[in-house]
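To start, the structure under review is shown below, and the notes come after it.
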Amino acid sequence: MGNKTWSQGMSLPLPLLAVLMVIAVVVSAGDEVALLAFRAKVGDGGSLASWNSSADFCSWEGVTCRHGRPARVVELSLPAMALTGALSPAVGNLTFLQKLDLSSNGLHGEIPGSPRHLRHLQHLDLSDNQLVGSISPELGSIQSMQILGLSSNNLSGMLPLALYNLSSLKIFGVGSNMLYGSIPADIGNKLPTMQVLVLGPNQFTGTIPSSLSNLSDLMMLSLNYNGFSGYVPPTLGRLGALQDLYLTENRLEANDEEGWEFITSLENCSQLRRLILSSNPFGGQLPGSIVNLSTTLQNLRLDDTKISGSIPADIGNLAGLEVLLIVNTSMSGVIPESIGKLKNLIDLGLYSSGLRGLIPPSVGNLTMLTRLLAYYNNLEGPIPESLGKLKNLFLLDLSTNYQLNGSIPVEIFQLPSLSWYLNLSYNSLSGPLPPEAGTMTNLNELILSGNQLTGQIPSSLGNCIVLQKLLLDKNLFEGSIPQSLENIKGLNILNLTMNNLSGTISLTPLAAFEPYTNCT
């Protein structure tokens, strides 16, 4: 008997068993005490009503325990629960915690240093709160961390270098704070398992480290709204898993001699979905290799740059595009005929870019399109009748091209989804406004100012009962003002000036006092 060990199946002596049960109760009670201390610091608006002594704490809202004795809290998940107040350091006493998610609440104050005790913590999400002061270097001691979300707070200071030692980190988000400093040159060697890296918006500066190309699992790189400068590393094409690259609002450069190589390298990123280059001083001609990017590309934004040259003739190769914005650039040239191949396009913005020539009839093939904006260009010739095939279009703006001429296609007025606004102002459009204009019963704004439209204003416009703005000024309309306009009860801006109209109408007081109203 005396030689047998407990591993051979012998029962524990009752006194020892009792002691272990007491220890289990004490340890378990420690987690309950920590949870109650956490609750004491926050306001919950009733969302934590289940947190009371009449129920086992493992059944409380947002609490998950591991099975067995003693019961230990392994997850505290309370996202978007309208919590306010401060984050209690007592959370650090939940030493078996693997997940802590308090995102999308109203917590304020500092991140307590106690989370350093959470050696098992893999998932920490405190994003979208009101947390302030700096990020504690002690977070860098939690080597089990895989997800660290601190975005959308009021955090300031520099990112502690210790965070770059979290070699198991897969998702790291600190965007929408007031952090500054630069990214370590060797970041790509320190975070080998990184999949999502979100550092913007913040106030980071310096260059984008080329070592980022070592992060072979990286799917999203977001450096938006910072002060990064220099060239985009031409090695980014090594990121075979890359899906989203966000570089908006930085000081990144390119010119005809150097800087555009990264576009060619991205041809190797077969899963690329979003390439956002907006609001950077990129210059020189857009490389033609951009049309060789993956057909998985859905969103391409080149707005607010200094890019020159023409839209590549084979832009239609990017068959997966849903959003294409070439806006506020120094580009010129024509809209390529191949643009009609982008059958998945939903949003097309080509305004303020100096584009010239005809609007290709192939644009009518973009039947998924909801927004078409091509104002402030040098487009010329007639508006294609094929635009009448854009049955999902709710916004059309071709204004201020000056050389757009001919009559307005009747098909435009018969677009069933056109509801936000139709703006064809300040062109050289001529001919009458057809009665079909009255079929736009869902339209909020009709803006035709500054053209050479003739004839009478059709009385059918009175059927456009949701119109709020009607601008027909600076044209050649004649005859009487239609009394049917009185039917448009919500009309609050009406401008008929600089025409050859006669008569009066009675409008609502709101419209009568608008500065653009002209009733005579």
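Residues -29 to -1, 1 to 491 (mature numbering (1 follows the signal peptide of the UniProt record, and there is no 0)) are what the sequence shown spells out, left to right.
Built from N, CA and C at the ideal position, the CB exists for glycine as well.
Of the residues 408, 201 and 460, the one whose Cα lies closest to the Cα of residue 477 is 460. When rounded, the separation of the alpha-carbon atoms in residue 406 and residue 428 is 9 Å. Three or more beta-carbon pairs drawn from the stretch 225 to 242 and the stretch 255 to 267 are found closer than 8 Å, and the two stretches are therefore classed as touching. Residue 349 has 327 as its beta-bridge partners, per DSSP.
In this structure, DSSP gives residue 63 a helical state, which the three-state scheme calls helix.
The C-beta distance from residue 268 to residue 248 rounds to 12 Å, too long to meet the 8 Å contact threshold.
Within a 10 Å sphere around the beta-carbon of residue 275 sit 16 or more other beta-carbons, which makes this residue buried.
Of 101, 138 and 436, the smallest CA-CA separation from residue 123 is found for 101. Taking the Cα positions, residue 95 is about 17 Å away from residue 36. Annotated three-state conformation of residue 81 is strand, per DSSP. Every beta strand (DSSP E) stretch that sits fully inside the stretch 342 to 412 and reaches 3 residues is listed by chain position as 342 to 344, 349 to 352, 366 to 368, 374 to 377, 392 to 394 and 399 to 403. If you look at residue 235, you'll find it in the alpha helix (DSSP H) that goes 232 to 236. Here residue 374 is exposed, its C-beta having fewer than 16 other C-beta atoms within 10 Å. If you keep only unbroken beta strand (DSSP E) runs of at least 3 residues inside the stretch 211 to 298, you get 215 to 217, 222 to 224, 245 to 247, 254 to 256, 270 to 272, 277 to 279 and 294 to 296.
The stretch 88 to 163 contains, as complete alpha helix (DSSP H) runs of 4+ residues, the segments 158 to 161 (chain order).
With distances taken between CA atoms, residue 99 lies nearest to 51 out of 56, 111 and 51.
Short of 7 Å from the beta carbon of residue 219, and not among the five residues preceding or following it, lie these beta carbons of its own chain, in chain order: 195, 196, 247, 249 and 250. About 11 Å separates the Cβ atoms of residue 404 and residue 383, ruling out a contact at the 8 Å cut-off.
Secondary structure of residue 36 (DSSP, three-state): strand.
Secondary-structure assignment with DSSP links residue 471 through a beta bridge to 449. By alpha-carbon distance to residue 176, the top candidate from 200, 168 and 192 is 200. Residue 92 places its beta carbon 8 Å or farther from that of residue 135. Exclusion of the five residues before and after residue 227 leaves 255 and 256 as the residues of its chain whose Cβ lies within less than 7 Å of its Cβ. Contact check for residue 33 against residue 53 fails: the beta carbons are separated by 8 Å or more. Inclusion of residue 321 and residue 340 in the CB contact set at 8 Å is not warranted, their separation being larger than that value.
Annotation for residue 201: the continuous beta strand (DSSP E) segment containing it runs 198 to 202. Residue pairing by DSSP places residue 441 opposite 417 and 465 in a beta bridge. Residue nearest to residue 278 within the set 4, 334 and 231 is 231 (criterion: CA-CA distance).
For the options 80, 74 and 184, the alpha carbon positioned closest to that of residue 158 is the one of 184. Counting C-beta atoms within 10 angstroms of its own C-beta, residue 114 has fewer than 16 neighbours from the protein chains shown and is therefore classed as exposed.
The distance from the Cβ of residue 118 to that of residue 142 is about 4 Å, consistent with a contact at the 8 Å cut-off. Straight through space, the alpha carbons of residue 252 and residue 202 are spaced by roughly 11 Å.
With fewer than 16 other CB atoms across the displayed protein chains lying within 10 angstroms of its CB, residue 26 is exposed. Taking all protein chains shown into account, residue 17 has fewer than 16 neighbouring C-beta atoms within 10 Å of its C-beta and is therefore exposed.
According to the DSSP assignment, residue 169 belongs to the beta strand (DSSP E) that extends over 167 to 169. One thing to note: residue 80 has its Cβ within 8 Å of the Cβ of residue 57.
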